[in-house]
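Enquirer: Before we start, here is the structure in question, set down as structure tokens.
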Amino acid sequence: MKYHQLRAFVSAAEHGSIRGAARALFLSQAAVTKALRELEDDAGLPLIARNARGIQLTEDGQRLLMRARLIVRQMQQARDELNQSQGIDTGSVAIGLTPAVVLTVLPDALKAFRQRYRNVALRLVEGLAPIVVPGVRNGTLDFAMTVQSNVSLGNDFVTESCFHAQQAIAARAGHPVLADPAPAALAAQEWALSSRLQEGHGGLIQQLFATSGVAPPERILVCESYSTAVALVRNTDLLSLFPEPLLALPECTGIVAVPARLPSLSTEISLVRRADVPLTPAAAYLAACLMQAGRTRFPD
């Protein structure tokens, strides 16, 4: 198996067609088709099924895809590492960020990053840990910055604490609970929170009410999208937990912090990367820019 064959295979799988792969790789369709046929010959197995709407991976093709993606990405990283270590402003970085980091930290971090690396291509995947951590695992993302989970990621990953984000109970302006935000009144409301198992918000709710003598809320709408949670809080009587700086953004117009008589609460934002693959100079610098911007926006 050769690199150009695997690159054509990964591109065809991602675009769903030979035409799309050829366009992305700046190759002719004939060149992509030849590379795929050579790969199948080397493997001794059919990897791609062709149909009128494009291509579909066979079962063996699906098995190969994860490893092929990792090989292709590591080859790209090796080339980027050599170029960037010589001061050449080139290459690419792919990252996954939790929505709170995107909205509050990324703009300042990107400005700082672009002062050093103007030409490095960036790819951003926005999502909570269940979305972005698998991308780090399979090599399509260089690193992720997300809420620290109580669930161990295992020895495949290196996790580094970046900063703590102070949380606020969020409600729509004019919400009845604002008149008397006692713990019992808050616990009686319905809440919109991300997955308690994956992102730890269930643990946060337990912590929030632990010292109040009131049982935590029972009605929880599990919501894995910040934009959806914002819409629900703004337009219904649901409550949620948002990072405090988020409430000052235009996206949260009409949403206020509830002056709850409860202890303050924060979440830990961590950087997650593969243990066996060092970051390229550009990726390491972007991670440093994000950490610095986060610590400025969320001072301890």
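Numbered per the working numbering, the sequence shown spans residues 7 to 306.
No residue lacks a Cβ here, since even glycine has one placed at the ideal position from N, Cα and C.
1. What does E250 pair with, by DSSP beta-bridge criteria?
2. Quick check on G366: does DSSP put it in helix, strand or coil?
3. Looking at the structure shown, is E205 part of a helix, part of a strand, or coil, going by DSSP?
4. Report the rounded CA-to-CA distance for A70 versus E20, giving the unit in angstroms.
5. Under 8 Å, do G66 and L53 count as touching if we go by C-beta distance?
6. Taking 8 Å as the threshold (C-beta atoms), are A150 and I101 in contact?
7. When the Cα atoms are used, what is the spatial distance from L33 to M7?
8. What is the rounded straight-line gap between the Cα of A289 and the Cα of S218?
9. Could you name the residues that DSSP lists as bridge partners for R56?
10. Inspect the beta-carbon positions of A14 and A41 and report whether they are closer than 8 Å.
11. Might you give, ordered along the chain, the residues of its own chain that have their beta carbon closer than 7 Å to the beta carbon of Q204, omitting 5 neighbours on each side?
12. Could you give the first and the last residue of the continuous alpha helix (DSSP H) run that contains R120?
13. Quick check: the stretch 265-277 against the stretch 82-99, are at least 3 beta-carbon pairs closer than 8 Å?
14. The beta strand (DSSP E) that contains T104, what's its start and end?
15. Between Y123, A115 and T152, which lies nearest to E132 when the distance is taken from Cα to Cα?
16. Would you say D162 and R280 are within 8 Å of each other, going by their C-beta atoms?
17. Return the first residue and the last residue of the alpha helix (DSSP H) that Q35 is part of.
18. Assign S17 to buried or exposed, taking buried as 16 or more other Cβ atoms, counted over all protein chains shown, within 10 Å of its Cβ.
19. By how many angstroms is the C-alpha of T39 removed from the C-alpha of A106?
20. Let me know if L88 comes out buried or exposed under the rule of 16 or more other beta-carbons within 10 Å of its beta-carbon.
21. Of all the beta strand (DSSP E) runs that stay within the bounds of the stretch 247-295, which reach a length of 3 or more residues?
22. Taking only three categories from DSSP, how would you classify R314?
23. Per DSSP, what are the beta-bridge partners of H21 in this structure?
24. Pick from L271, V236 and Q90: whose alpha carbon is nearest that of P256?
Expert: Here's the rundown:
1. According to DSSP, which records beta bridges pairwise, E250 is partnered with nothing at all.
2. Beyond the ends of the chain as shown, which are 7 and 306, falls residue 366; an answer cannot be given.
3. Note that E205 has pLDDT 43, beneath the 50 cutoff, so the model's placement of it is unreliable and the number below is only indicative. Residue state, collapsed to three classes: helix.
4. One detail in the question is off: residue 70 reads as Leu in this sequence, not Ala. L70 and E20: Cα-Cα distance of roughly 13 Å.
5. For the record, residue 66 in the displayed sequence is Asp; it is not Gly. A contact, by the Cβ cut-off of 8 Å.
6. The Cβ atoms of I101 and A150 sit closer than 8 Å to each other.
7. Going from the Cα of L33 to the Cα of M7 covers about 19 Å.
8. So the two alpha carbons sit approximately 44 Å from each other.
9. DSSP, once it has assigned bridges, lists I61 as partnering R56.
10. The criterion of a C-beta distance shorter than 8 Å is satisfied by A14 and A41.
11. For Q204, the pLDDT reaches just 37, beneath the cut-off of 50, and the residue's location in the model is therefore unreliable, although a value from the coordinates is still provided. Answer for Q204: L134, A135, P136 and S155, listed in chain order.
12. Unbroken alpha helix (DSSP H) run through R120: L112 to R122.
13. No: fewer than three Cβ pairs fall under 8 Å.
14. Segment: none, T104 is in no beta strand (DSSP E) and carries neither H nor E.
15. Closest by alpha carbon: T152.
16. For D162 and R280, yes; Cβs fall inside 8 Å.
17. Counting along the chain, the alpha helix (DSSP H) containing Q35 begins and ends at Q35 to A49.
18. Label assigned to S17: buried.
19. So the alpha carbons of these two residues sit roughly 42 Å apart.
20. By the C-beta density criterion, L88 is exposed, having fewer than 16 other C-beta atoms within 10 angstroms.
21. Complete beta strand (DSSP E) runs here, min 3: 261-263 and 271-280.
22. Nothing about residue 314 can be reported from this structure: the residues present for the chain run from 7 to 306 only.
23. BP columns for H21 are empty, so no partner.
24. Of the listed residues, the one whose Cα sits closest to P256 is V236.
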